[in-house]
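Before any comments, here is the structure.
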Amino acid sequence: MKVKKIPQQLIPLAFLLALAVAALVIMRLVLLPETFGEYGHYRALAVDDVAALDIAYAGHQACAECHDDVYELKQQSNHRGVACEACHGPAAAHIEAPDEYAPEVPRNREHCTLCHGYNPTRPTGFPQIIPELHNPRQPCMTCHQPHHPELPHAPEECAACHRQIVNEKAVSHHASLSCTTCHDLPAEHLVDPVMVRALKPSTREKCGQCHASNADSAPEIPRIELATHGEGYLCWECHYPHQPEANR
Amino acid sequence: MELILGNIVNDLSKITGYIYPNEFELHWGILVVVYPYLTGLVAGAFILASLERVFDVSSLQPVYRLSLLTALAFLLVAPLPLLAHLGHPLRSYQMFLTPHTKSAMAMFGFVYAWYLMVVLLLEIWFDYRKSIVVWSNEKRGVTRYFYKFLTLGTTDISDRALRFDDKIGRIITIIGIPSAFLLHGYVGFIFGSVKANPWWSSVLMPIVFLFSAIVSGIALVIMIYMVTTMFRWKRLSMPCLNKLAELLFYAIIVDFSLELLDFVQRLYEAEESITILSQMISSRLFISLIISQIILGTLVPTISLAWARFGRVPDEMRRLMYFIAALLIQVGIFSTRWNVVIGGQLFSKSLRGLTVYKLELFGLEGALTAGLLLILPFLVLFVLTRVLPPWSAVESHVSESPV
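Protein chains in written order, with this note's numbering: chain E, 1 to 248; chain G, 249 to 651.
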């Protein structure tokens, strides 16, 4: 049988290919870390390497061991969910050598406004200020104790905590209504807003005061037949009163 | 800490709406924009070369070798932005030692290696083999030994051997076309498969990437062909240039239609992300998407190409219009990559806010590095054309059109 001659140019290519494959095999044998693949697609010893890294954060329990008075105070306040090191920075070094390393004490306004600056998408009820308007340039700690951030006095306006709703309402047809036109406001809400809530209208008649067909209100206000319109539902279950759809 | 906080507050003021804390910093910066741009040029230039080889579009012969070298020059630089972005470039070989078959990014090393070693280098070697053997006999001094090394010891340039070269070159090109599709389709696939990102997640993404790659590759070869011919004081082949412009025109029409289809589909689907995406397009991406990508990078060049190619325009003017169109297309395709990579990170996953991209000038992830990486392929190409002149074999075919 006649064997077909292999073209000359394929020989060095085949040699190069073999060389590449051999190099790969040898590199794998020599360079692959021993513990690779033991647990997964990584070097198992990497776990030990990571475990050996310096620890920066101490955790709030470590803080509480010495500063139990501050910790207890904070636990009773609305800052109970904020870890000590969220404001004071990583403090593992302080635990190791309390006299040599003192954690930071942030005193500038920018620090507090990271959470308490006005942002329309923060949850309603979350205390927010506009830093340029709220006691400009005064350090927050002048009036507020960060470990127990009780308000120095009751908020003067609903916008202190519900600014987004107030802003929305301000450009809606309900702009001229005050919040208490619709919401019953227990006095305690201003002191303890979490435990004592402002009340949403619980009857259809509340909205009916202006929107019922027989209501004694301005003629341009949209009217409905209170007895038949959306029977069985409260008005605000379908209509968003802070920006009623008539405005859109 | 005060300084850091001051900077953060300054940047925070540019943010609109609500974003999650980890969305403040964009993790994929301009280097990740440069990377798909470069690989797109590779794939485009190679597909152009394959038209001449496989489909026998003979008028493209003057740019066949140039396209191959262009593809090689850009392919050699293509991984550099990724290496610079990831850091630790000395670890990159490990990707080959421990293949991770479930990671698309890890498998790219193999796609890249296949395309470089098996497709481009082999095709170029077989195509130049005869010339290399001739040069290894003609040249003197060190260059002689250099070419002797490039022959890899094969000196057979008999008709039979050359026929074999041609045949195998054709086979490699046929393998190369799907490989080029794979190379750049893969880049689109990486973005398209990010389910959590509504700006990226689309099955059309690899296809749109591929066609924009073809567009940018052809436009690049037009520019390089015109500039190199001018500096060599040679005549441009008008049939070749016309053919290139024609192909570019068809490619850009298909590319734009696909992008439009993708866009219309998103609008019609109107998923919950559409509001924030519309906001992003009309604010953050207005210049790079509407102005740069669509108007300057697509509509103007399309009109310019159609007018120059099919209208009654003198050759001088026609060449100028081709060149300007090709240049604008580069700007447009770079903007496309920018809009995909940066755009996909500008809106919050909460769909309630937009962040800003803070491009730095210096530093590893800065604009200067990106500029350098965009210039580097041209330097590589210059060296390649010195070592393997792409024009010697075709000069005789060129028509008599003066520059």
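Glycine residues also receive a C-beta, built at the ideal position from the N, C-alpha and C atoms.
No experiment lies behind these values; they were computed from the predicted model shown.
query                                                                                                                                                            : result
In chain E, which residues lie with their C-beta within 9 Å of the C-beta of G/A409?                                                                             : P7, Q8, Q9
Mind listing which residues of the stretch 506 to 537 of chain G have their C-beta closer than 9 Å to chain E's C-betas, in chain order?                         : none
Based on the DSSP output, what are the partners of E/G117 in its beta bridges?                                                                                   : E/I129
Can you have a look at G/Y363 and say buried or exposed, based on whether 16 or more other CB atoms are within 10 angstroms of its CB?                           : buried
Please confirm whether G/N335 and G/R600 have their CB atoms less than 8 Å apart.                                                                                : It is Gly, not Asn, that sits at residue 335 of chain G in the sequence shown. No, Cβ-Cβ distance for G/G335 and G/R600 is not below 8 Å.
To the nearest angstrom, how far is it from the Cα of G/E519 to the Cα of G/V589?                                                                                : 21 Å
Grouping DSSP H, G and I as helix and E and B as strand, with all else coil, what is E/A160?                                                                     : helix
Determine, for G/V635, whether the minimum Cβ-Cβ distance to residues of chain E falls below 8 Å.                                                                : no
Is it true that the CB of G/L525 sits closer than 8 Å to the CB of G/W639?                                                                                       : no
Helix, strand or coil for E/L199, going by three-state DSSP, please let me know.                                                                                 : strand
Any idea what DSSP makes of G/P650, helix, strand or coil?                                                                                                       : Because the pLDDT at G/P650 is just 41, under 50, the model does not fix this residue reliably, and the value given afterwards should be weighed accordingly. Coil, per DSSP.
Output needed in chain order: residues of the stretch 322 to 351 of chain G with a Cβ under 9 Å from some Cβ in chain E.                                         : Y341, Q342, F344, L345, T346, H348, K350, S351
Return helix, strand or coil for E/A18, following the three-state DSSP convention.                                                                               : helix
Do E/C235 and E/R204 have their CB atoms nearer than 8 Å?                                                                                                        : yes
Which ranges would you report for the beta strand (DSSP E) in the stretch 532 to 560 of chain G if only whole runs of at least 3 residues count?                 : none
Could you give the uninterrupted runs of the alpha helix (DSSP H) lying entirely in the stretch 362 to 403 of chain G, keeping only those of 4 residues or more? : 370 to 386, 389 to 398
Excluding sequence positions up to five away, which residues of its chain have a Cβ less than 6 Å from the Cβ of G/S583?                                         : S536, S540, Q541, G545
Measure the alpha-carbon distance for G/S340 versus G/L331 and round it to whole angstroms.                                                                      : 8 Å
For my contact list, G/L316 and G/D259 are in at a C-beta cut-off of 8 Å; report their separation, rounded to the angstrom.                                      : Actually they are not in contact, since the Cβ atoms of G/L316 and G/D259 sit about 45 Å apart, beyond 8 Å.
Determine, for E/R248, whether the minimum Cβ-Cβ distance to residues of chain G falls below 8 Å.                                                                : For E/R248, the predicted structure reports a pLDDT of 37, less than 50, and the residue's modelled location is therefore unreliable. The matter cannot be settled from this model.
My assumption, with CB atoms under 8 Å, is that G/P284 sits in contact with G/F457. Please give the rounded CB distance.                                         : 7 Å
Taking DSSP as the reference, what is the three-state secondary structure of G/H645?                                                                             : In this predicted model, G/H645 has a pLDDT of only 40, less than 50, meaning its place in the structure is not dependable; the value taken from the coordinates is given anyway. G/H645: helix per DSSP, three-state reduction.
Taking Cβ-Cβ distances shorter than 7 Å, what residues in chain E pair up with G/R600?                                                                           : T121
Using a Cβ-Cβ cutoff of less than 6 Å, which residues in the same chain neighbour G/G580 once the five nearest sequence positions on both sides are dropped?     : Q541, G545, T546
Check this for me: beta carbons of G/F558 and G/D503, under 8 Å apart or not?                                                                                    : no
Buried or exposed: which applies to E/D69, given that a residue is buried once 16 or more other Cβ atoms fall within 10 Å of its Cβ?                             : exposed
What is the residue span of the alpha helix (DSSP H) that G/F437 lies within?                                                                                    : 407 to 440
Measure the C-alpha to C-alpha separation of G/G424 and G/G433 and round it to an integer number of angstroms.                                                   : 13 Å
Here's a check: name, in chain order, each residue in its chain whose Cβ is nearer than 7 Å to the Cβ of G/F429, leaving out the five neighbours to either side. : L458
Among the residues of its own chain, which have a CB less than 8 Å from the CB of G/R408, if the five just before and after it don't count?                      : none
Could you check the C-alpha separation between E/H174 and E/N135 for me, to the nearest Å?                                                                       : 29 Å
Look up E/R250 in the DSSP assignment and say whether it is helix, strand or coil.                                                                               : Here chain E has residues from 1 to 248 only, and residue 250 of chain E is not among them.
Look at the alpha carbon of E/Q76 and the alpha carbon of E/P186, and state the distance between them as a whole number of angstroms.                            : 23 Å
If I measure Cβ to Cβ from E/E96 and keep anything under 8 Å in the same chain, skipping five residues before and after, which residues do I get?                : none
Between which two residues does the alpha helix (DSSP H) carrying G/Y283 extend?                                                                                 : 278 to 302
For G/M486, which of G/M528, G/E564, G/A354, G/V281 has the nearest alpha-carbon?                                                                                : G/E564
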